[in-house]
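Engineer: Counting from 1 along the sequence shown, just add 21 to a position and that's the residue number in this note's numbering.
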Amino acid sequence: KLNNFNRTRTAEMLGISKKTLYLKIKRYGMKAPE
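1. What is the rounded straight-line gap between the Cα of Gly-36 and the Cα of Leu-42?
2. Could you tell me whether the Cβ atoms of Lys-39 and Arg-28 are closer together than 9 Å?
3. In the DSSP assignment, the alpha helix (DSSP H) including Lys-45 goes from what residue to what residue?
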């Protein structure tokens with residue numbers, strides 16, 4: 022939410038790769054609001 026659901030910036034902020042972030046999003050069934 023802090024990065025307006027920008028996954029690249031979110032991954033950088035968390036210190037993880039985009040791939041890791043995508044896997045976590047998929048694992049937990051998270052979706053950006055429409």
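We put the CB at the ideal spot given by N, CA and C, even for glycine.
Structural biologist: In short:
1. 10 Å
2. yes
3. 39–48
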